[in-house]
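A.B. asks: Take this structure first; my questions come after.
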Amino acid sequence: MKPTLRIAPALAGFLLAGAAAAQQPAERQEPSQEDLVAWRDAKLAKPFVAHGGWIADYDQARALARERGQVIFAYFSRSYAP
Amino acid sequence: MPCEALESGALSDAAFPAFAKRVVPFLHVTTHIPGEKYDGLLKEKGGRGFPTLLFLDQDGEVLARQGERSVAAFEATLKQVQGYLDLRRRAAAGEAGLDAAVLVAELRLGRVGFEDARSRAAALQKVSADQRAELDQLLLDAEVRGILENMPREAEKQAAAGKRLAEIAASGRLPTSEVQRGFWAFLSRYAADQKDAALLESCIQNLRQILPDDERARQYLANLEAKLQELRQGAQG
Chain R
1 MKPTLRIAPA LAGFLLAGAA AAQQPAERQE PSQEDLVAWR DAKLAKPFVA HGGWIADYDQ
61 ARALARERGQ VIFAYFSRSY AP
Chain L
1001 MPCEALESGA LSDAAFPAFA KRVVPFLHVT THIPGEKYDG LLKEKGGRGF PTLLFLDQDG
1061 EVLARQGERS VAAFEATLKQ VQGYLDLRRR AAAGEAGLDA AVLVAELRLG RVGFEDARSR
1121 AAALQKVSAD QRAELDQLLL DAEVRGILEN MPREAEKQAA AGKRLAEIAA SGRLPTSEVQ
1181 RGFWAFLSRY AADQKDAALL ESCIQNLRQI LPDDERARQY LANLEAKLQE LRQGAQG
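Those sequence lines, one after another, are chains R and L. With the first letter of the first sequence counted as 1, position 3 gets the number 3 in our numbering; the numbers rise by one all the way through. With the first letter of the second sequence counted as 1, position 96 gets the number 1096 in our numbering; the numbers rise by one all the way through.
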C-alpha cells in the first residue's frame, strides 16, 4: 500500500489559496479617457505652471520663439502616471 | 517623485519667472490620451525619462540638455546656448576662423560625440593655446561621458570600459563637470571587481570631495570604505 501524503491543514489552506490566486490573476485597471483628461488638466492647473508662464502648445511655442528671436526652454513631464 | 521635486524646486523658485521671460517656456505633458497631438514628442527629441529639460531652437531642434536643476544652472546653459547660436550665425554669414570656437561650443553643450569631435579637432588649422587646452579637456569629458552613457550590459565589455577609465585616471588628466561623479562611481565598482585596493582608495578620496554632505552620500562612502577594508584584509590574509 502506498503511503499517503499528509499535509497540515494550515499549510493546505495556504497552498489552496495560492492555487486559487494563480488561477485568477488580479485584473489591471486601465485608466479611462476621462481619467487621462482629468489628470492632464490637473497637471496644467498646478501652481508652477502659472508661476513660470508655461506654454503648453508646441506650435505656439515655436511661433513665439520665431517672433521673439528666443530659444525654447522645454520641460517634458507626464500626467498618465505619478 | 522627480517631476514633483523639480516643480516644487527650481520651477517654483522666486527667480524662475525672470529667467522664463528670456526664453519661451514650453511645458510638454505626455498624457497617453488617444489622438493627443505631439504626445510622442519626448521620444522624438531623444528623451528617455521624466522629467527632461531641453533647450530647443525655433524649429524645435535640440540645442542642449539641461542637467543641473537650478535657476542659476538654467541661466548658465542659456548663456552657452546663445553664444553657440551667435557663432553659428557668424559662421553661416561667412566669417572665417570660427571652427575651433564652434567645436568648443558644441562640446560644452554636449552636441557632438567624442569620435566626431576628435576627428574635427585633429583637422583644425588655427587653434590658440587656450583653445587647445580647453579642447583637450572637453574631449576627455566627451570620451568619459560617451563611455558612461553607452555602458554595455555584458560584464566583459564593462570590464573593458573600466580598464579605459582606469587608464584615464592613471594618466593624471581627469574629467571635470557633471561626468566626474559617474566616472569615480563606476571606477569604484571596477576597482572592487578587480580587487584593486589602491584604485578603490583613490575613488573614495575623489568621491568624498565631489559628493554632497548628506546621509545618502555618507552611507554610500561607508559601504565603499567597508569594501576597501575587505580588499586590504584579503590581501594580508
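Even glycine gets a Cβ: it sits at the ideal position worked out from N, Cα and C. Since the structure is predicted, the reported quantities are computational estimates derived from the model, not experimental observations.
#1: Give every residue of the same chain whose Cβ lies closer than 8 Å to the Cβ of L/Leu1221, excluding the five residues on either side of it in the sequence, and list them in chain order.
#2: Please name the residue, chosen from L/Leu1200, L/Gln1194, L/Arg1181 and L/Gln1180, that lies closest to L/Ser1188 on a Cα-to-Cα basis.
#3: Which of the three DSSP states, helix, strand or coil, is assigned to R/Arg68?
#4: When burial is assigned at 16 or more other CB atoms within 10 Å of the CB, is L/Glu1143 buried or exposed?
#5: Quick check: what's the CA-CA separation for L/Thr1169 versus L/Ser1202?
#6: By Cβ distance below 7 Å, which residues in the same chain neighbour L/Ala1166 in space, the five residues on each side in sequence not counted?
#7: Please give the ranges of any beta strand (DSSP E) in the stretch 1093-1164 of chain L, keeping only runs that are unbroken, at least 3 residues long and fully inside the region.
#8: Are the Cβ atoms of L/Thr1031 and R/Arg68 separated by less than 8 Å?
#9: Can you grab the Cα-Cα spacing for the pair R/Gln23 / L/Lys1043, in whole Å?
#10: To the nearest angstrom, report how far apart L/Asp1099 and L/Leu1124 are at their CA atoms.
#11: Indicate whether at least one CB of chain L lies closer than 8 Å to the CB of R/Gln33.
#12: Work out the CA separation of L/Gln1233 and L/Arg1120 for me, nearest whole Å.
#13: Using a Cβ-Cβ cut-off of 8 Å, state whether R/Gln29 counts as contacting chain L.
#14: When DSSP builds the beta bridges, which residues end up paired with L/Phe1026?
#15: Return the Cβ separation of L/Leu1078 and R/Phe48 in integer angstroms, given the expectation that the two are a contact with Cβ distance under 8 Å.
#16: So R/Ala65 contacts chain L; which residues on that side make the cut at Cβ distance below 7 Å?
#17: Would you decide whether R/Leu11 is buried or exposed? Buried here means 16 or more other CB atoms lie within 10 Å of its CB.
#18: Under a three-way DSSP split, which group does L/Arg1069 fall into?
#19: With 16 other CB atoms within 10 Å as the buried threshold, where does L/Gln1229 fall?
C.D. replies: According to the structure shown:
#1: Ile1204, Leu1207, Arg1208 and Leu1211
#2: L/Leu1200
#3: helix
#4: buried
#5: Sequence check: residue 1169 of chain L is Ala here, not Thr. The alpha-carbon atoms of L/Ala1169 and L/Ser1202 are separated by roughly 9 Å.
#6: Leu1187, Tyr1190 and Leu1199
#7: none
#8: no
#9: Since pLDDT at R/Gln23 reaches only 48, below the 50 mark, its modelled position is unreliable, and the value read off the structure follows with that caveat. So the two alpha carbons sit approximately 38 Å from each other.
#10: Cα to Cα, the separation comes out at about 7 Å.
#11: yes
#12: In a straight line, the C-alpha of L/Arg1120 is about 48 Å away from that of L/Gln1233.
#13: no
#14: Paired residues: R/Ile55 and R/Ala74.
#15: Not confirmed; about 19 Å, so no contact.
#16: Val1024 and Gln1058
#17: Caution is warranted here: a pLDDT of 42 is assigned to R/Leu11, below 50, making its placement in the model unreliable, and the coordinate value is therefore given only provisionally. With fewer than 16 Cβ atoms within 10 Å of its Cβ, R/Leu11 is classed as exposed.
#18: Here DSSP, grouped into helix, strand and coil, assigns L/Arg1069 to coil.
#19: Answer is exposed; the Cβ neighbour count stays below 16.
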